[in-house]
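J.: Chains as they are written, first to last, in this note's numbering: chain A, 1 to 242; chain B, 1 to 242.
There are 2 protein chains.
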Amino acid sequence: MTKNCEICPFSNNPAFVAPSKQECETVNLHRIGEMQVEAGCEILAEGSDPRRFFTLLEGQAMRYHTLEDGRRQVLNFLFPGDLIGLEPIMLGETSHAVEALSPVSLCVFDRTQIWQMFAKMPERAFMLTWQVAREEHFLGQALISVGQRSARESLAWAFVSLWDRGQQSGMVEDGKMPFPVRQQDLADALGLSLVHTNKTLSRLRSEDLVVWRDGVLQLPDRDALARVGLVDSTVIKKRFYL
Amino acid sequence: MTKNCEICPFSNNPAFVAPSKQECETVNLHRIGEMQVEAGCEILAEGSDPRRFFTLLEGQAMRYHTLEDGRRQVLNFLFPGDLIGLEPIMLGETSHAVEALSPVSLCVFDRTQIWQMFAKMPERAFMLTWQVAREEHFLGQALISVGQRSARESLAWAFVSLWDRGQQSGMVEDGKMPFPVRQQDLADALGLSLVHTNKTLSRLRSEDLVVWRDGVLQLPDRDALARVGLVDSTVIKKRFYL
DNA sequence: CGTCTAATTGAGCCCGTTCAAGCAATGTGG
DNA sequence: CCACATTGCTTGAACGGGCTCAATTAGACG
Numbered sequence: 001m002t003k004n005c006e007i008c009p010f011s012n013n014p015a016f017v018a019p020s021k022q023e024c025e026t027v028n029l030h031r032i033g034e035m036q037v038e039a040g041c042e043i044l045a046e047g048s049d050p051r052r053f054f055t056l057l058e059g060q061a062m063r064y065h066t067l068e069d070g071r072r073q074v075l076n077f078l079f080p081g082d083l084i085g086l087e088p089i090m091l092g093e094t095s096h097a098v099e100a101l102s103p104v105s106l107c108v109f110d111r112t113q114i115w116q117m118f119a120k121m122p123e124r125a126f127m128l129t130w131q132v133a134r135e136e137h138f139l140g141q142a143l144i145s146v147g148q149r150s151a152r153e154s155l156a157w158a159f160v161s162l163w164d165r166g167q168q169s170g171m172v173e174d175g176k177m178p179f180p181v182r183q184q185d186l187a188d189a190l191g192l193s194l195v196h197t198n199k200t201l202s203r204l205r206s207e208d209l210v211v212w213r214d215g216v217l218q219l220p221d222r223d224a225l226a227r228v229g230l231v232d233s234t235v236i237k238k239r240f241y242l
Numbered sequence: 001m002t003k004n005c006e007i008c009p010f011s012n013n014p015a016f017v018a019p020s021k022q023e024c025e026t027v028n029l030h031r032i033g034e035m036q037v038e039a040g041c042e043i044l045a046e047g048s049d050p051r052r053f054f055t056l057l058e059g060q061a062m063r064y065h066t067l068e069d070g071r072r073q074v075l076n077f078l079f080p081g082d083l084i085g086l087e088p089i090m091l092g093e094t095s096h097a098v099e100a101l102s103p104v105s106l107c108v109f110d111r112t113q114i115w116q117m118f119a120k121m122p123e124r125a126f127m128l129t130w131q132v133a134r135e136e137h138f139l140g141q142a143l144i145s146v147g148q149r150s151a152r153e154s155l156a157w158a159f160v161s162l163w164d165r166g167q168q169s170g171m172v173e174d175g176k177m178p179f180p181v182r183q184q185d186l187a188d189a190l191g192l193s194l195v196h197t198n199k200t201l202s203r204l205r206s207e208d209l210v211v212w213r214d215g216v217l218q219l220p221d222r223d224a225l226a227r228v229g230l231v232d233s234t235v236i237k238k239r240f241y242l
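#1: What residues in its chain sit with their C-beta under 7 angstroms from that of A97 (chain B), if we drop five residues either side in the sequence?
#2: Determine, for G60 (chain A), whether the minimum Cβ-Cβ distance to residues of chain B falls below 8 angstroms.
#3: Opposite E173 (chain B) in the DSSP bridges: which residues?
#4: Please list the terminal residues of the continuous alpha helix (DSSP H) segment that includes F159 (chain B).
#5: What residues from chain B crowd round V160 (chain A), counting only those whose CB sits closer than 8 angstroms?
#6: Are the C-beta of G244 (chain A) and some C-beta of chain B separated by less than 8 angstroms?
#7: Less than 6 angstroms between C-beta atoms, sequence neighbours within five positions excluded: which residues of the same chain meet that for P50 (chain B)?
#8: List, in order along the chain, the chain A residues whose C-beta lies closer than 8 angstroms to that of H137 (chain B)?
#9: Would F79 (chain B) and L101 (chain B) qualify as a contact pair, given that the criterion is a beta-carbon distance under 8 angstroms?
#10: Just checking, does the segment 125-134 of chain B make contact with the segment 201-209 of chain B on the three C-beta pairs under 8 angstroms criterion?
#11: Should the segment 108-127 of chain B be regarded as contacting the segment 185-204 of chain B, the criterion being three or more beta carbon pairs within less than 8 angstroms?
#12: Name the residue from B:W212, B:V104, B:V74 whose alpha carbon lies nearest to the alpha carbon of H156 (chain B).
#13: For chain B, check one thing: does any of its Cβ atoms lie closer than 8 angstroms to the Cβ of T129 (chain A)?
#14: Pull out every residue of the segment 185-206 of chain A whose Cβ sits closer than 9 angstroms to any Cβ of chain B, in chain order.
#15: Among the residues of its own chain, which have a CB less than 6 angstroms from the CB of E99 (chain B), if the five just before and after it don't count?
#16: What's the C-alpha gap between L86 (chain A) and L219 (chain B)?
#17: Confirm, please, whether the CB-CB distance from V172 (chain B) to V104 (chain B) is below 8 angstroms.
#18: Hey, does E23 (chain B) have any beta-carbon neighbour from chain A nearer than 8 angstroms?
#19: Would you say the segment 132-152 of chain B touches the segment 170-188 of chain B, given that touching needs at least three Cβ pairs under 8 angstroms?
#20: Looking at the structure shown, is C8 (chain A) part of a helix, part of a strand, or coil, going by DSSP?
#21: Using a Cβ-Cβ distance cut-off of 8 angstroms, determine whether E68 (chain B) contacts chain A.
#22: State the beta-bridge partners of R52 (chain A) as determined by DSSP.
#23: Of all the CB atoms in chain A, is at least one closer than 8 angstroms to the CB of I7 (chain B)?
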């Protein structure tokens, strides 16, 4: 295995059940290889035939769907350790696109690997389902935000959630986290217009709740911002249990 | 197995891979039993300890989350064949409630059954993951709607989506489908106010696009409504493939 | 016949939208 | 080295979709 494999759900992570020697070999068998992608490139294209899926090893990405008339909804932001392209394989149709937000490195698997996992590596398969369930949870949270929260609350919620996700995946250093996103992307994630996002954001900035410059995010008072965003304190354990 | 078991993902469904004799026995072993719930009752309580999960055999239900201040977001509506309470077990925390919309019958499983499935019945485990992935897909679609569509488009989208779901689960008869929901529930699902939902709905009614009376829904022109709601024609196959 | 819940309709306001202009940083070609 | 285009951020002004408040109606139930 190469660099960063410790965050791959199919690899050996202390947070997860350790794979056996045999499992490792089987994984390596179906592991097509690693892939580097530049910022701004499409990792997954809307409507494409689902053949492979990926583990995001380094960098950040964005998953979105575009309506016929051009309106776009960002579904979520992806962090190291996240899976990409599993849903399309399960459902047989790629209904969203994934774009790299920074230089990204991916671990590439063939779709046949999925069944191999279920057949021969139940712990890996369980792990995989756990990831899908977690993503479902995040989508639900986003839906709550877009549906019920005000613009100010939504922004606050988004920053806190992203911050917490960033910490879980080890992207926060010195109280700073890379967040290479345009305001337009954030607006599309929250169902707001660019203009209003900007104005609401500048208010949060003037209150010293958010510092976001040059693609780097800082939250001087994460808990205060969480209160603004009505973020419930539910913590998702990294470790799943049976 | 008792009535309606053919729709249970853990049972023998022609759309799915048939379970072996041994699988059937193992499922029955962990199947706690059947449960009947009246309309309006809570099947799953927010914050409860996740111990069991269910298959919805008959009737309809609603999954929602409530914010501290009372605002409520309906996450989705549940149809026969859907799983209930799997996400909480996987993630260790029940962050949403599920309420019966009609008299409901459920098949009850113990949470230990999940691991049994991964360990001994890979086809069932795969099936289960497929269900989670499908639910993730629907949540994504809902997020797109709430985030990008206008009230009119949202309503149209919702009716068409529910209609299609209803047809897949065999709830449509004579061009009619039971839809035992208050306007308030629909409003909370779409992030709209009750008043605006009502006014938009009455417009759709006057255009003969929607007929919804006494808990029964009819769509005289499903395709026209789909055009109003910008529903993409992507069809999720009932049959998954490997 | 009073009470309760759900649907309906009107009036007025506001949050978030669209339109529009300006600015700063970066890049590109002559 | 400058002219010019491009991309993203910022800000002002005005409109409007959807909100809140409020009152009425209709049906179900005791």
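By construction, the Cβ of each residue, glycine as well, lies at the ideal position given by its N, Cα and C atoms. Quantities reported herein were computed from a predicted structural model and do not represent experimental measurements.
T.: In this structure, then:
#1: The residue labelled residue 97 (chain B) in the question sits at position 97 within the second sequence. Closer than 7 angstroms at the Cβ level, and outside the excluded window around A97 (chain B), lie E42, L44, A45, E46, Y64.
#2: To locate residue 60 (chain A), count along the first sequence from 1; it is residue 60. Checking the displayed sequence, the identity of residue 60 (chain A) turns out to be Gln instead of Gly. Not an interface residue.
#3: Here residue 173 (chain B) refers to the residue found at position 173 when the second sequence is read from its first residue. Its beta-bridge partners are B:K176.
#4: If you number the second sequence from 1, residue 159 (chain B) lands on position 159. Unbroken alpha helix (DSSP H) run through F159 (chain B): 151-168.
#5: Looking up residue 160 (chain A) in the first sequence gives position 160. Those do not exist, as V160 (chain A) stays about 15 angstroms from chain B at its closest Cβ, beyond 8 angstroms.
#6: In the structure as shown, chain A begins at 1 and stops at 242. Residue 244 (chain A) is therefore absent and cannot be evaluated.
#7: Here residue 50 (chain B) refers to the residue found at position 50 of the second sequence. Within the same chain, P50 (chain B) has close Cβ partners P88, I89, T94.
#8: Your numbering for residue 137 (chain B) matches position 137 in the second sequence. E87, L91, S95, listed in chain order.
#9: Translated into positions along the second sequence, residue 79 (chain B) becomes position 79. Translated into positions along the second sequence, residue 101 (chain B) becomes position 101. No. Outside cutoff.
#10: no
#11: no
#12: Translated into positions along the second sequence, residue 156 (chain B) becomes position 156. The amino acid at residue 156 (chain B) is misidentified as His; the sequence shows Ala. Nearest of B:W212, B:V104, B:V74 to A156 (chain B), Cα basis: B:W212.
#13: By one-based count along the first sequence, residue 129 (chain A) stands at place 129. Yes, because at least one Cβ of chain B sits closer than 8 angstroms to the Cβ of T129 (chain A).
#14: D188, A189, L190, G191, L192
#15: The count along the second sequence starts at 1 and reaches residue 99 (chain B) at position 99. Counting only Cβ-Cβ distances below 6 angstroms, and skipping sequence neighbours, we find E42, M62.
#16: By 1-based counting over the first sequence, the position of residue 86 (chain A) is 86. By 1-based counting over the second sequence, the position of residue 219 (chain B) is 219. Distance between the alpha carbons of L86 (chain A) and L219 (chain B) is about 34 angstroms.
#17: As a first step, residue 104 (chain B) must be located in the second sequence, where it is residue number 104. As a first step, residue 172 (chain B) must be located in the second sequence, where it is residue number 172. The answer is no: Cβ separation not under 8 angstroms.
#18: The residue given as residue 23 (chain B) occupies position 23 in the second sequence. Here the model assigns E23 (chain B) a pLDDT of 49, short of 50, so the residue's position is not dependable and the matter cannot be decided.
#19: no
#20: For this step, residue 8 (chain A) is matched to residue 8 along the first sequence. The answer is coil: DSSP assigns C8 (chain A) none of H, G, I, E or B.
#21: Counted from its first residue, the second sequence places residue 68 (chain B) at position 68. With 8 angstroms as the cut-off, E68 (chain B) counts as an interface residue toward chain A.
#22: Locating residue 52 (chain A) in the first sequence gives position 52, counting from the first residue. A:D110.
#23: Counting from one through the second sequence, the residue named residue 7 (chain B) turns up at place 7. By this cut-off, I7 (chain B) is not an interface position.
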